[in-house]
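Engineer:
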Amino acid sequence: MKRNRIIYFLLCVAATVLASFYGGPVSYSLLFGLLFVTPVSLVYLLFVYCFFRIYQVIGSKHITTYEPVPYYFVLQNEYLLNFCHISIGTYSTFSHIEELENNAQEDTADNKAVKNKDNPDGKKRKLKKSEIKKKNRKLHESAVVYELLPGESVRFDTTLICRYRGDYFVGIKEISIVDFFKLFRITYHVPEPLGAVVSPRIIKLDALRSVPDLALSAHKENPNLSTDFDAAVREYVPGDPLKGIHWKSTAKTGKLKSRLTYGEQRQGISVFIDSKRISDDEYVYIPVENKCMEIVLALTDYFSTYSIPVSCFFDQTGIKTVSSSTSGEMELFLNSFSQIRFMEDENAAVALDQVLTGTAFKNCMLAFLVITSVDAELNKRLYELSLLGINTVIYYVGFSPDVSEIITLGNQKVIPVNPEDDISKVL
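All you need for this note's numbering is the position in the sequence shown, starting with 1, plus 7.
(1) Are the region 337-344 and the region 256-268 touching, with three or more C-beta to C-beta distances below 8 Å?
(2) Would you check if the distance between the CB atom of Ile-93 and the CB atom of Val-33 is smaller than 9 Å?
(3) Check each candidate in Val-185, Ile-104 and Thr-307 and name the one with the smallest Cα separation from Phe-176.
(4) Leaving out the 5 sequence neighbours to the left and right, which residues in its chain are closer than 7 Å to Val-295 when beta-carbon positions are compared?
(5) On the three-state DSSP scale, how would you describe Asn-11?
(6) On the criterion of 16 or more Cβ atoms from any shown chain inside 10 Å, does Glu-301 qualify as buried, or is it exposed?
(7) For Ile-293, which of helix, strand or coil comes out of DSSP?
(8) Are the Cβ atoms of Phe-321 and Ile-280 separated by less than 9 Å?
(9) Output yes or no for whether 9 Å exceeds the beta carbon distance between His-191 and Leu-41.
(10) With a threshold of 8 Å (Cβ to nearest heavy atom), would Met-337 be considered close to the ligand SAM?
(11) Report yes if the C-beta distance between Arg-208 and Ile-293 is below 9 Å; otherwise report no.
(12) I think Leu-385 touches Ala-356, with their Cβ atoms under 8 Å apart; what is that distance to the nearest whole Å?
(13) Have a look at Val-81 and Ile-95 and give me their C-alpha separation to the nearest angstrom.
(14) Taking buried to mean at least 16 other C-beta atoms within 10 Å of its own C-beta, is Ala-222 buried or exposed?
(15) Measure from the C-beta of Asp-287 to each C-beta in chain D and report whether the shortest distance is under 9 Å.
(16) Give a yes or no on whether the C-beta atoms belonging to Leu-88 and Tyr-51 are separated by under 9 Å.
(17) Could you tell me whether the Cβ atoms of Leu-363 and Leu-212 are closer together than 9 Å?
(18) Between Val-381 and Glu-412, how many whole angstroms is the CB-CB distance? I'm expecting something under 8 Å.
(19) Taking only the alpha-carbon atoms, compute the straight-line gap between Phe-90 and Ile-430 and give it to the nearest angstrom.
(20) List the endpoints of the continuous beta strand (DSSP E) containing Gln-323.
(21) Is Asn-342 helix, strand or coil when you go by DSSP?
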């Protein structure tokens with residue numbers, strides 16, 4: 008487009024010089040013809056803007072992350088004029104439209120701040136005007152261009168995948184229209200964008216690779232509690248008593264199985280998740296909150312597989328608890344846990360202090376904390392937790408989590424987690 012504008016400008020200058028020095032009907036006709044191109048192009052863009060239609064439909068408004076859902080859009084020419092050079096831009100930061108060539112772009116480069124890949128902490132910066140123009144140019148040059156004859160429509164059937172948990176827009180974000188001389192472009196947002204409510208997914212874990220030593224100790228019986236065996240079974244762990252082996256399940260599965268004791272069942276696993284929203288920027292808080300929820304769901308599903316009770320605590324202007332004891336309860340746990348709201352006025356230190364006043368963390372086999380920020384008050388609560396003698400694993404989630412901010416204690420292990428990390432490898 009830049010080249011076309013330069014050529015058009017040079018032709019106008021040449022026609023002006025020709026008419027000024029030589030005159031005559033030919034030179035003036037050429038000059039006025041070239042000058043007439045500008046209003047004609049703008050009127051054409053106005054017609055296309057008024058009579059071009061786009062329709063888009065998604066299979067379900069309620070989606071699970073990384074679960075493909077049917078999606079299609081229709082481009083329609085409802086006027087008696089040929090529409091050329093029409094391209095579309097999508098909401099591609101949090102979602103992805105399969106097989107759409109121009110979907111690899113991020114948000115449109117406008118005057119808003121955009122995510123800077125050079126900033127590991129996920130902060131944003133303002134782009135310079137030259138950078139904005141360059142990004143916009145690359146966006147539209149790489150986009151698929153559609154041409155619609157009068158009354159013609161184009162339908163594109165595909166699937167849509169959402170990457171993060173949250174409530175945000177998906178599908179087509181904007182329409183770009185270029186005149187037939189490729190001199191001017193109009194880009195406008197879709198008047199009625201598609202909204203989606205995205206739930207977190209459950210990632211299956213084969214083992215807790217990040218904390219194998221603590222996970223093993225968590226499986227062992229508590230000698231201070233009853234040692235009567237229950238009917239529930241789990242994987243055999245070296246050090247389990249031989250009398251506790253469930254031979255029938257061992258023969259059936261081909262793997263050693265140990266029976267849980269009543270004392271072991273009563274202990275369970277305690278999980279605390281920080282429900283404070285760390286930023287008002289959706290490019291920062293949506294990936295972080297999504298990763299926090301994935302961690303909790305993965306841990307709960309892992310221990311529920313072995314019939315080990317898990318209780319998750321979080322602050323919702325008051326401490327809330329969601330529990331799961333078996334794999335069959337995971338769906339109910341997911342439905343309840345997905346309703347968690349991250350709010351800016353929540354305080355992790357205060358919430359954890361309220362949780363520690365109860366008995367859940369005092370009697371648990373193993374404790375997990377999922378946090379997004381650290382301060383002196385939170386470190387004070389971590390110290391109080393360590394005095395209970397409970398092995399604790401702390402997952403510090405952020406774009407650049409600094410584990411040195413967290414107090415170092417013997418029975419607590421800190422693991423930094425980036426929102427883009429693979430949970431199965433981190434946990």
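Quick reminder that beta carbons are idealized off the backbone N, C-alpha and C, glycines included.
Structural biologist: The structure says:
(1) Counting Cβ pairs under 8 Å, fewer than three are found: no touch.
(2) Sequence index remark: in the sequence shown, residue 93 carries index 86 (1-based). Sequence index remark: in the sequence shown, residue 33 carries index 26 (1-based). No Cβ-Cβ contact shorter than 9 Å links Ile-93 with Val-33.
(3) Residue numbering aside, residue 176 sits at position 169 when the sequence shown is read from its first letter. Ranking the options by Cα distance to Phe-176, first place goes to Ile-104.
(4) Taking the first residue of the sequence shown as position 1, residue 295 is located at position 288. Non-local beta-carbon contacts of Val-295 in its own chain, meaning distances under 7 Å to residues more than five positions away in sequence, involve Ile-285, Thr-379, Val-404, Gly-405 and Pro-426 in chain order.
(5) Here residue 11 corresponds to residue number 4 of the sequence shown, with the count starting at 1. In the structure shown, Asn-11 sits in a helix (DSSP, three-state: H, G or I).
(6) By 1-based counting over the sequence shown, the position of residue 301 is 294. Classification of Glu-301: buried, given that the 10 Å Cβ count is 16 or more.
(7) Working through the sequence shown from its first residue, we reach residue 293 at position 286. Ile-293 sits in a helix when the DSSP states are folded into three classes.
(8) Reading the sequence shown from its first residue, position 314 is the one you call residue 321. Reading the sequence shown from its first residue, position 273 is the one you call residue 280. Contact: yes.
(9) Counted from its first residue, the sequence shown places residue 191 at position 184. Counted from its first residue, the sequence shown places residue 41 at position 34. It is Phe, not His, that sits at residue 191 in the sequence shown. Taking 9 Å as the Cβ cut-off, Phe-191 and Leu-41 do not qualify as a contacting pair.
(10) Among the components modelled here there is no ligand, and therefore nothing to report on the ligand SAM.
(11) Numbered from its first residue, the sequence shown carries residue 208 at position 201. Numbered from its first residue, the sequence shown carries residue 293 at position 286. No, Cβ-Cβ distance for Arg-208 and Ile-293 is not below 9 Å.
(12) Position 378 of the sequence shown, counting from 1, holds the residue named residue 385. Position 349 of the sequence shown, counting from 1, holds the residue named residue 356. Cβ-Cβ separation between Leu-385 and Ala-356: approximately 4 Å, consistent with a contact (criterion under 8 Å).
(13) Start at 1 with the first residue of the sequence shown, and residue 81 comes out as number 74. Start at 1 with the first residue of the sequence shown, and residue 95 comes out as number 88. Looking at the two C-alpha atoms, the distance is approximately 11 Å.
(14) What you label residue 222 is simply residue 215 of the sequence shown in a count that begins at 1. Confidence in Ala-222 is poor, its pLDDT being 47 and thus under 50, which makes the residue's placement too unreliable to answer from.
(15) The structure shown has no chain D; it contains just one protein chain.
(16) As a first step, residue 88 must be located in the sequence shown, where it is residue number 81. As a first step, residue 51 must be located in the sequence shown, where it is residue number 44. Going by C-beta atoms, Leu-88 is nearer than 9 Å to Tyr-51.
(17) The residue given as residue 363 occupies position 356 in the sequence shown. The residue given as residue 212 occupies position 205 in the sequence shown. No.
(18) Here residue 381 is taken as the residue at index 374 of the sequence shown, counted from 1. Here residue 412 is taken as the residue at index 405 of the sequence shown, counted from 1. At roughly 4 Å, the Cβ-Cβ gap stays under 8 Å, so Val-381 and Glu-412 are in contact.
(19) Counting from one through the sequence shown, the residue named residue 90 turns up at place 83. Counting from one through the sequence shown, the residue named residue 430 turns up at place 423. Those two C-alpha atoms are separated by around 47 Å.
(20) Mapped onto the sequence shown, residue 323 falls at position 316. Careful: Gln-323 lies outside any beta strand (DSSP E) and carries neither H nor E.
(21) Numbered from 1 along the sequence shown, position 335 holds the residue referred to as residue 342. The three-state secondary structure of Asn-342, taken from DSSP, is helix.
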